[in-house]
Amino acid sequence: MLDFVIGEGANFGGDFSRIPWAEQKMWVRISVKTLHDEDYQLISSGQLYSVPYALYSNTAGALADGGAGNDTTSGNNRGQSIDQTSIYWTLDGNYNSHAVKPYGPAVLGTKDRKDLTMITNNIPRLIIDKEGNINILFDVNFEGNLTVGGNTTLNGSLDVTGMQPTNLTGTLDVVKATNLNDALSVTTMAPTQLTGDLKVGQGMKVLGATTIDNSLNVGNLATHLSGTLVADKETVVNGLTVAGMSPTQLTGTLDVDRTMNVDGSTTLNRALTVTGGNATHLTGIFQLPKLRSSTLRSQ
Numbered sequence: 000m001l002d003f004v005i006g007e008g009a010n011f012g013g014d015f016s017r018i019p020w021a022e023q024k025m026w027v028r029i030s031v032k033t034l035h036d037e038d039y040q041l042i043s044s045g046q047l048y049s050v051p052y053a054l055y056s057n058t059a060g061a062l063a064d065g066g067a068g069n070d071t072t073s074g075n076n077r078g079q080s081i082d083q084t085s086i087y088w089t090l091d092g093n094y095n096s097h098a099v100k101p102y103g104p105a106v107l108g109t110k111d112r113k114d115l116t117m118i119t120n121n122i123p124r125l126i127i128d129k130e131g132n133i134n135i136l137f138d139v140n141f142e143g144n145l146t147v148g149g150n151t152t153l154n155g156s157l158d159v160t161g162m163q164p165t166n167l168t169g170t171l172d173v174v175k176a177t178n179l180n181d182a183l184s185v186t187t188m189a190p191t192q193l194t195g196d197l198k199v200g201q202g203m204k205v206l207g208a209t210t211i212d213n214s215l216n217v218g219n220l221a222t223h224l225s226g227t228l229v230a231d232k233e234t235v236v237n238g239l240t241v242a243g244m245s246p247t248q249l250t251g252t253l254d255v256d257r258t259m260n261v262d263g264s265t266t267l268n269r270a271l272t273v274t275g276g277n278a279t280h281l282t283g284i285f286q287l288p289k290l291r292s293s294t295l296r297s298q
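Counting along the sequence shown from 1, when you hit position 158 you're at 157 in numbering that gives the first Met the number 0, and nothing is skipped either side.
Next up, the structure:
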């Protein structure tokens, strides 16, 4: 180890007493030249603090004691401004950190298993624990984008305000009930699958074809079909009213187990067969066209 005393020895130029120890930054650079070197080789460069020590202690103490006022550059408060090129983080920010730490990035934190707590107004605001977990104790406002590479757990509600859209490129899994206060639009011809009941409190309009693989129950309300209803299999109708003088065509067999009342004219293009020995009661006139002699036979 080499020990040098600055200020003693031969002076090759300048006035030592005029060195502005308290006003400017002083640096010391150490170069060594051996018998085999053509020039001096730089081995160290660092900031030089004021000597005598009492002068530096006086200004540095003003910061340690807190001082008075906010002036950090003049008068008795000059010591409140620490040199920004420092091995310590300063209130005004650091620069030239490479001069003090020539290798690796400048760091802020602990080197032992201790939490790092950041405070304002003597209140903890952010805690980085010894395991690397970050705890933010108050609200966080982001002006830019927030990119999360892993899973995100929200223990509270998520509010997207300002009429801003929310885009999800993956699957949205909702464990409990979901309330939509506005329209739900499913675009790009994407299918919508519901494994439970679908309850519609108001009208429902379907623009395209609808396939129902199970029963359709319409309770206590009318169902209006403006197009054709095609039923491939048996259809059970507990009450059927055809209004508006609309024709009803049946290409297959019509089985009537009970009474059928026809208020208007009825045209039968084929035979009418009443079986089972049941009577047929007509209260009006039954007219037959002219028949051949063999058409009516007594039974």
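A virtual CB, placed ideally from N, CA and C, is assigned to each residue, including glycine.
Start and end residues, beta strand (DSSP E) containing residue i
| i | result |
| --- | --- |
| residue 127 | 122-127 |
| residue 162 | Taken as a continuous stretch (DSSP letters only), residue 162 belongs to no beta strand (DSSP E), as it is neither H nor E. |
| residue 29 | 25-31 |
| residue 117 | 115-119 |
Residue i to residue j span [Cα, whole Å]
| i | j | result |
| --- | --- | --- |
| residue 239 | residue 178 | 38 Å |
| residue 249 | residue 184 | 40 Å |
| residue 201 | residue 186 | 22 Å |
| residue 88 | residue 108 | 10 Å |
| residue 33 | residue 39 | 8 Å |
| residue 145 | residue 102 | 31 Å |
| residue 160 | residue 169 | 22 Å |
| residue 217 | residue 199 | 12 Å |
| residue 116 | residue 106 | 15 Å |
| residue 111 | residue 132 | 15 Å |
| residue 127 | residue 134 | 6 Å |
| residue 118 | residue 30 | 43 Å |
| residue 229 | residue 156 | 48 Å |
| residue 269 | residue 215 | 35 Å |
| residue 232 | residue 254 | 15 Å |
| residue 193 | residue 149 | 29 Å |
| residue 166 | residue 234 | 45 Å |
| residue 4 | residue 147 | 56 Å |
| residue 18 | residue 24 | 10 Å |
| residue 2 | residue 129 | 39 Å |
| residue 10 | residue 16 | 12 Å |
| residue 280 | residue 262 | 15 Å |
| residue 63 | residue 13 | For residue 63, the predicted model reports a pLDDT of 41, less than 50, meaning its position is unreliable and no value from the coordinates is stated. |
| residue 44 | residue 138 | 44 Å |
| residue 225 | residue 287 | 39 Å |
| residue 222 | residue 203 | 12 Å |
| residue 36 | residue 140 | 59 Å |
| residue 7 | residue 91 | 35 Å |
| residue 81 | residue 93 | Low per-residue confidence applies at residue 81: pLDDT is 41, beneath 50, and the placement is therefore not dependable enough to give any value. |
| residue 246 | residue 265 | 12 Å |
| residue 303 | residue 171 | The chain is shown only over 0 to 298; residue 303 falls outside these bounds and no answer can be derived. |
| residue 213 | residue 162 | 39 Å |
| residue 302 | residue 104 | The structure shown has nothing for residue 302, since the chain only spans 0 to 298. |
| residue 284 | residue 244 | 24 Å |
| residue 114 | residue 121 | 16 Å |
| residue 257 | residue 227 | 27 Å |
| residue 142 | residue 209 | 46 Å |
| residue 123 | residue 175 | 36 Å |
| residue 195 | residue 241 | 34 Å |
| residue 267 | residue 274 | 17 Å |
| residue 318 | residue 197 | In this structure the chain extends from 0 to 298, so residue 318 is not present and cannot be described. |
| residue 191 | residue 251 | 37 Å |
| residue 276 | residue 237 | 27 Å |
| residue 205 | residue 164 | 26 Å |
| residue 282 | residue 272 | 19 Å |
| residue 278 | residue 211 | 43 Å |
According to DSSP, residues forming a beta bridge with residue i
| i | result |
| --- | --- |
| residue 156 | DSSP lists no partner for residue 156. |
| residue 134 | 126 |
| residue 46 | 26 |
| residue 40 | 31 |
Assumed close pair residue i, residue j - CB separation to whole angstroms, cut-off 8 Å
| i | j | result |
| --- | --- | --- |
| residue 47 | residue 26 | 6 Å |
| residue 136 | residue 125 | 7 Å |
Beta carbon proximity, residue i to chain C, threshold 8 Å
| i | result |
| --- | --- |
| residue 198 | Any reference to chain C falls outside this structure, which holds one protein chain only. |
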